[in-house]
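Count the sequence shown with the numbering used here and you get residues 17 to 293, in order. Glycine residues also receive a C-beta, built at the ideal position from the N, C-alpha and C atoms. Since the model is a prediction, treat every value here as computed from it, not as a measurement. Worksheet for the structure shown next.
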Amino acid sequence: MKNIWIIIKYTFREALAKKIMITFLILSALTIIGFGLAFSLMGDAAGIGSVSQPNASTPQSSTEIISAGVRFLEYGFVATLFVIGLFLSIFSTAGLVPDLLKKGNIDLFLSKPISKFELLCAKYLGGLAIVFVNIVFLVGSIWLMVGLKFSFWETSFLLSIASITFVFATLYALMTLLGILTKSPVLPIIISFLIVIVLNPLLAMRSMLYDLTDSSVVKGIFETFYYLIPQANEIVTISQDSIMGKADIVYTPIYTTAALMIVYLSLSFFFFKKKDF
17 MKNIWIIIKY TFREALAKKI MITFLILSAL TIIGFGLAFS LMGDAAGIGS
67 VSQPNASTPQ SSTEIISAGV RFLEYGFVAT LFVIGLFLSI FSTAGLVPDL
117 LKKGNIDLFL SKPISKFELL CAKYLGGLAI VFVNIVFLVG SIWLMVGLKF
167 SFWETSFLLS IASITFVFAT LYALMTLLGI LTKSPVLPII ISFLIVIVLN
217 PLLAMRSMLY DLTDSSVVKG IFETFYYLIP QANEIVTISQ DSIMGKADIV
267 YTPIYTTAAL MIVYLSLSFF FFKKKDF
């Protein structure tokens with residue numbers, strides 16, 4: 017455990033030395049400023065709440081209307097923050113494992129009394145910790161601005177920190193596997209962006225696509241891909257439903273994605289252990 021903690025701290029120092037952390041924070045800060053400018057153009061939460069519930073059947077107090085307005089705003093913010101957070105996280109961490117495998121770097125680490133399992137585990141956790149700190153900064157700042165703007169503190173929005181980090185953790189497990197197999201950050205970045213930009217949105221509406229074809233082969237391909245990649249769109253929906261206070265939330269995508277993360281990590285440890293350096 018001590019070795020893992022030492023490598024995690026080293027990963028943080030490496031990220032600072034390579035300006036990874038600083039770049040992430042700067043881009044997050046620019047995103048926050050963009051949201052702040054958007055807030056300055058908005059009306060009050062009561063007005064937004066009235067717009068978000070035009071057909072409310074029962075009279076509502078001003079507090080209920082403000083709550084509805086804040087929830088409506090945060091509901092819309094979640095999907096945007098998911099995409100921004102994942103994009104920044106992928107770029108920030110894609111090179112960590114390939115850099116570890118470079119001649120000289122890997123030799124230095126393996127010359128120490130540390131196992132391959134501890135080394136890869138620490139690198140994975142170090143990259144995850146870097147992302148978590150930045151996601152806390154990004155989402156926490158937006159939440160703080162919403163609270164200060166509308167004087168209403170809706171804490172369920174902060175659950176998106178865990179949701180974004182969790183989806184990234186699964187993507188990062190896949191990136192780690194691809195990084196070990198290719199020793200390059202290029203393919204992990206391409207595959208991760210393909211999943212986030214193309215496959216997740218496409219698979220999320222696969223039931224609509226099934227109405228256009230009777231081919232069992234096509235349906236089988238879609239279903240296979242659905243369970244081979246993180247179910248990011250569904251987890252976004254879970255975060256949004258939590259914000260809106262829905263009671264009948266289905267958590268199956270979280271369990272499926274968690275199982276997938278374990279598979280990716282297990283394969284990563286297997287191939288890393290088999291490699292000769």
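### Query
Between the Cα of Tyr-271 and the Cα atoms of Lys-18, Ile-100 and Thr-186, which residue gives the shortest distance?
Locating residue 271 in the sequence shown gives position 255, where the first residue counts as 1. Of the listed residues, the one whose Cα sits closest to Tyr-271 is Thr-186.
### Message
Under DSSP, the alpha helix (DSSP H) around Ser-299 begins and ends at which residues?
### Response
Residue 299 lies beyond the range of the chain shown here (17 to 293); nothing can be said about it.
### Nearest residue (CA-CA) to Leu-164, options Gly-52, Asp-230 and Phe-285
Mapped onto the sequence shown, residue 164 falls at position 148. Among Gly-52, Asp-230 and Phe-285, the Cα nearest to that of Leu-164 is on Gly-52.
### Query
With a CB to CB cut of under 6 angstroms and the five nearest residues on each side skipped, what residues in its chain are close to Lys-199?
For the purposes of this step, residue 199 is identified with residue 183 of the sequence shown, where counting begins at 1. Excluding sequence neighbours, Lys-199 sits near Pro-114 and Leu-117.
### Beta-carbon proximity of Val-155 to Leu-174, cut-off 8 angstroms
Mapped onto the sequence shown, residue 155 falls at position 139. Mapped onto the sequence shown, residue 174 falls at position 158. Contact: yes.
### Message
Just verifying my parser: in three-state terms, what is the DSSP assignment at Thr-186?
### Response
Mapped onto the sequence shown, residue 186 falls at position 170. It is helical.
### Query
Helix, strand or coil: which one does DSSP assign to Met-17?
For the purposes of this step, residue 17 is identified with residue 1 of the sequence shown, where counting begins at 1. Here Met-17 sits in coil by DSSP.
### Task
May I ask you to verify whether the region 20-28 touches the region 137-148, counting CB pairs closer than 8 angstroms and requiring at least 3?
yes
### Task
Compare the Cα-Cα distances from Glu-250 to each of Thr-268, Lys-235 and Thr-229 and report the closest residue.
The residue you call residue 250 lines up with position 234 of the sequence shown. Of the listed residues, the one whose Cα sits closest to Glu-250 is Thr-268.
### Query
Are Ser-208 and Met-191 closer than 8 angstroms when you measure CB to CB?
As a working mapping, residue 208 is identified with position 192 in the sequence shown. As a working mapping, residue 191 is identified with position 175 in the sequence shown. Yes, the Cβ-Cβ distance between Ser-208 and Met-191 is below 8 angstroms.
### Query
From Leu-112, Asn-19, Gly-101 and Val-94, pick the residue whose C-alpha is nearest to that of Leu-32; which is it?
Start at 1 with the first residue of the sequence shown, and residue 32 comes out as number 16. Minimum Cα distance to Leu-32 is reached at Leu-112.
### Query
The alpha helix (DSSP H) with Glu-250 in it runs from where to where?
Taking the sequence shown and counting its residues from 1, one reaches residue 250 at position 234. Its alpha helix (DSSP H) spans residues 248-259.
#### Entry: Alpha carbon of Thr-109 to alpha carbon of Ile-196, nearest angstrom
As a working note, residue 109 is residue 93 in the sequence shown. As a working note, residue 196 is residue 180 in the sequence shown. The straight-line gap from Cα to Cα measures roughly 14 angstroms.
### Query
Cβ atoms of Glu-90 and Ile-254: under 8 angstroms apart, would you say?
Within the sequence shown, numbered from 1, the residue matching residue 254 stands at position 238. Within the sequence shown, numbered from 1, the residue matching residue 90 stands at position 74. Result no, Cβ atoms of Ile-254 and Glu-90 do not sit closer than 8 angstroms.
### Message
If I measure Cβ to Cβ from Leu-193 and keep anything under 6 angstroms in the same chain, skipping five residues before and after, which residues do I get?
### Response
Taking the sequence shown and counting its residues from 1, the one referred to as residue 193 is at position 177. Tyr-280, Leu-283 and Ser-284.
#### Entry: Classification of Ser-232 by the beta-carbon crowding that lies within 10 angstroms, buried from 16 upward
Counting from one through the sequence shown, the residue named residue 232 turns up at place 216. By the neighbour-count rule (16 or more Cβ atoms within 10 Å), Ser-232 is not buried but exposed.
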